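First the structure, in the form of structure tokens, and then the observations on it.
There are 2 protein chains.
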Amino acid sequence: MNQKIDFLSKNQQIVLEIIEKAKEPLKAYSILFSVQKKGIKAPPQVYRALDRLIKLGKIHKIESKNAFVACKNDNCTISNATAFSICDNCEMVTEISNPKLSKYLANFEDETGMRYNKYNLEFFGLCRKCKKNKS
Amino acid sequence: MNQKIDFLSKNQQIVLEIIEKAKEPLKAYSILFSVQKKGIKAPPQVYRALDRLIKLGKIHKIESKNAFVACKNDNCTISNATAFSICDNCEMVTEISNPKLSKYLANFEDETGMRYNKYNLEFFGLCRKCKKNKS
DNA sequence: TACGCTTTGTTATAATATAACATATTAAAA
DNA sequence: TTTTAATATGTTATATTATAACAAAGCGTA
Numbered sequence: 008m009n010q011k012i013d014f015l016s017k018n019q020q021i022v023l024e025i026i027e028k029a030k031e032p033l034k035a036y037s038i039l040f041s042v043q044k045k046g047i048k049a050p051p052q053v054y055r056a057l058d059r060l061i062k063l064g065k066i067h068k069i070e071s072k073n074a075f076v077a078c079k080n081d082n083c084t085i086s087n088a089t090a091f092s093i094c095d096n097c098e099m100v101t102e103i104s105n106p107k108l109s110k111y112l113a114n115f116e117d118e119t120g121m122r123y124n125k126y127n128l129e130f131f132g133l134c135r136k137c138k139k140n141k142s
Numbered sequence: 008m009n010q011k012i013d014f015l016s017k018n019q020q021i022v023l024e025i026i027e028k029a030k031e032p033l034k035a036y037s038i039l040f041s042v043q044k045k046g047i048k049a050p051p052q053v054y055r056a057l058d059r060l061i062k063l064g065k066i067h068k069i070e071s072k073n074a075f076v077a078c079k080n081d082n083c084t085i086s087n088a089t090a091f092s093i094c095d096n097c098e099m100v101t102e103i104s105n106p107k108l109s110k111y112l113a114n115f116e117d118e119t120g121m122r123y124n125k126y127n128l129e130f131f132g133l134c135r136k137c138k139k140n141k142s
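Line by line, the protein sequences give chains A and Y. Here the numbering used here is used: the first residue of the first sequence is 8, the next is one more, and so on. Here the numbering used here is used: the first residue of the second sequence is 8, the next is one more, and so on.
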């Protein structure tokens, strides 16, 4: 039954592959451009694949950038809880997989006592490289 | 000198007022529509005001919704560190101001030892009302 | 085969956001 | 007070991001 969950259609595979190869987050229309040689011609085809890949936890959307990255956590079949660090200068994005952080956030209770197992956290700052170059 | 920081231009005041009055996050074009009777006619006028208000910490952008809410923390002159809870059903958004959480996140060190004083956290779940109605 | 379901292809358009440039207002330097 | 610099505004056009709507193809299975 897990095969079902992991099955990717042709378009989904094409889109995933290009995102996995990329070193930085990709925008939907830049993906569209890249896959046109493979027969994908129109935005809905890309957006459908993106939606599916997100649901499967294969990729994540960087909301502050409207861009997409491959999931770096091998086991991230559940895409609900994500954390990223984003460089304000070079825009590099790194997925943070820190058990303490995810535990903390999953156990966090708001004022009303509510908990959330779904969240997205985006940290901003200067990455090591950019920090050096600026100083 | 703080007066300078708090000074709002005409358009900025108009846009802020409408966001503060709203009970839910407002989209840029719905703001545009609302303020057309007050003489604001084109998207750039709204987006400029929004940008400025965000920088001043008067409003925040809910990235997952492309919508804008007034800051509920009286002292949120620094808009860098934000956390929200968002109802998956009714889309209600509440700003979380929890000193423990903000301390935890500001002190969080990633694998490389980096810290971030700028972040945005969006929690998703069902708000109390919607949880009741679904059960 | 025939049915239902998912995926695909396609056109069109909606929704979100910015570029570019001209003008006006303001604050304060000369 | 005039000049200047900086900020804010108005305006048109356009770029970017995303979805609606519907027809057709493929696939599993009853």
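By construction, the Cβ of each residue, glycine as well, lies at the ideal position given by its N, Cα and C atoms. Being a predicted model, the structure only gives us computed values, none of them experimental.
Check each candidate in the options and name the one with the smallest Cα separation from residue i.
i       : options                             : result
E129(A) : A113(Y), L133(Y) and C134(Y)        : A113(Y)
F14(Y)  : L33(Y), A56(Y) and A49(Y)           : A56(Y)
K70(Y)  : A49(Y), N96(Y), P50(Y) and V100(Y)  : It should be pointed out that residue 70(Y) corresponds to Glu in this sequence rather than to Lys. When only C-alpha atoms are compared, the closest one is V100(Y).
T89(A)  : D117(A), K107(A) and E98(A)         : K107(A)
E31(Y)  : M121(Y), F40(Y) and C94(Y)          : C94(Y)
F92(Y)  : N127(A), C97(A) and N96(A)          : Per the sequence shown, residue 92(Y) should be read as Ser rather than Phe. Nearest of N127(A), C97(A) and N96(A) to S92(Y), Cα basis: N127(A).
C134(A) : D58(A), E102(A), S109(A) and L33(A) : E102(A)
D117(Y) : S109(A), D117(A) and M121(A)        : S109(A)
L63(A)  : F40(A), A49(A), S16(A) and A29(A)   : S16(A)
R59(Y)  : A29(Y), L23(Y) and P50(Y)           : L23(Y)
N140(A) : A29(A), L33(A) and C97(A)           : C97(A)
Leaving out five residues before and five after residue i in sequence, what residues of the same chain have Cβ atoms less than 7 angstroms from its Cβ?
i      : result
Q52(A) : N18
I21(Y) : V42, K45 and I47
K68(A) : I61 and F75
Does the distance from the CB of residue i to the CB of residue j come in under 8 angstroms?
i       : j       : result
S104(A) : N80(A)  : yes
G132(Y) : Y123(A) : yes
I66(Y)  : I38(Y)  : no
Given a threshold of 16 other Cβ atoms within 10 Å of its Cβ, counted over all protein chains shown, does residue i qualify as buried or as exposed?
i       : result
T119(A) : exposed
F40(Y)  : exposed
For residue i, which residues of its own chain have a beta-carbon under 8 angstroms away from its beta-carbon, when the five flanking residues on both sides are left out?
i       : result
Y54(Y)  : A35
F115(A) : R122 and Y123
P50(Y)  : A35, Y36 and L39
Can you name, in chain order, every residue of its own chain whose Cβ lies under 6 angstroms from the Cβ of residue i, other than the five neighbours on each side?
i       : result
K125(A) : N87
A77(Y)  : I26, E27 and I66
K136(Y) : none
Looking only at DSSP bridge pairs, what is residue i linked to?
i       : result
N127(Y) : E129(A) and T89(Y)
I66(A)  : A77(A)
E24(Y)  : Answer is none; E24(Y) lacks a bridge partner.
C94(Y)  : G132(Y)
K34(A)  : A74(A)
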